[in-house]
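Below is one structure, written out as structure tokens, with a few remarks after it.
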Amino acid sequence: MVEFTRIIGPLSDPRGHGGDPADAFHLVLPSLPGFGCSSPLREPGWQLARTARAWVELMRRLGYERYVAQGGDIGAGVTGMLGAVDPDAVIATHVNADPLTTALIADRLGIDLDAFAATDLSARQR
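Using the numbering used here, you'd call the opening residue of the sequence shown number 4 and step up by one each time.
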């Protein structure tokens, strides 16, 4: 989440950053259970699917009927699962991760690695 702290202001308050207020987004920035700003976990079992289901519940409780999601590293796996867990509400996802992480979770994200060029897969071979 630290990678994106500089864009929080422009996205949530474009006017304050020289932009059009009509371009503002609501941002919900949860921390993965047991990581970052979250408390230590009290129990095991917080795999990608459970966390994705928790994000779906969070968005519903906050009143969002439709949303987009972004995730990097482990969050990329959670974000990738959101579309499968909540297909009627998730209208787009963006994931970023190092190439090795992407290769390791490609099947969970629905990525066909055979469709990538050999140079794109070079990190997988390391």
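We put the CB at the ideal spot given by N, CA and C, even for glycine. If you're wondering where the values come from, they're calculated on a predicted model, not measured in any experiment.
Run of the beta strand (DSSP E) containing residue i, from where it starts to where it stops
{"i": "valine 71", "result": "70–75"}
Proximity to residue i [Cα-Cα], best of the options
{"i": "leucine 30", "options": "Leu51, Asp110, Thr8", "result": "Thr8"}
{"i": "glycine 83", "options": "Ala109, Tyr67, Ala92", "result": "Ala109"}
{"i": "alanine 80", "options": "His97, Asp91, Asp16, Gly66", "result": "Strictly speaking, residue 80 in this sequence is glycine, with alanine absent from that position. Taking only the C-alpha atoms, the option nearest glycine 80 is His97."}
{"i": "glycine 37", "options": "Thr54, Ala25, Asp23, Gly22", "result": "Thr54"}
{"i": "glutamate 60", "options": "Leu85, Gly78, Pro47, Gly39", "result": "Leu85"}
{"i": "tryptophan 58", "options": "Gly78, Ile10, Ile114", "result": "Gly78"}
As assigned by DSSP and simplified to three states, the class of residue i
{"i": "isoleucine 10", "result": "helix"}
{"i": "alanine 92", "result": "coil"}
{"i": "histidine 97", "result": "strand"}
{"i": "tryptophan 49", "result": "coil"}
{"i": "leucine 61", "result": "helix"}
{"i": "serine 15", "result": "helix"}
{"i": "aspartate 23", "result": "coil"}
{"i": "valine 81", "result": "helix"}
Burial state of residue i, where buried means 16 or more other Cβ atoms lie within 10 Å
{"i": "tyrosine 70", "result": "buried"}
{"i": "alanine 87", "result": "exposed"}
{"i": "leucine 44", "result": "exposed"}
7 Å Cβ shell around residue i - same chain, five flanking residues per side excluded
{"i": "glycine 19", "result": "Gly12"}
{"i": "serine 41", "result": "Ser34, Leu35"}
Other residues of its chain near residue i: CB distance less than 6 Å, five sequence neighbours each side excluded
{"i": "glutamine 128", "result": "Because glutamine 128 carries a pLDDT of 47, less than 50, the predicted location of this residue cannot be relied on, and the following value inherits that uncertainty. Closer than 6 Å at the Cβ level, and outside the excluded window around glutamine 128, lies no residue."}
Cβ-based neighbour list, residue i, same chain, cut-off 8 Å, excluding 5 preceding and 5 following
{"i": "aspartate 23", "result": "Pro17"}
{"i": "glutamate 68", "result": "Ala92"}
{"i": "methionine 62", "result": "Val31, Tyr70, Asp89, Ala92"}
{"i": "serine 15", "result": "Ala27, Phe28, His29, Leu30"}
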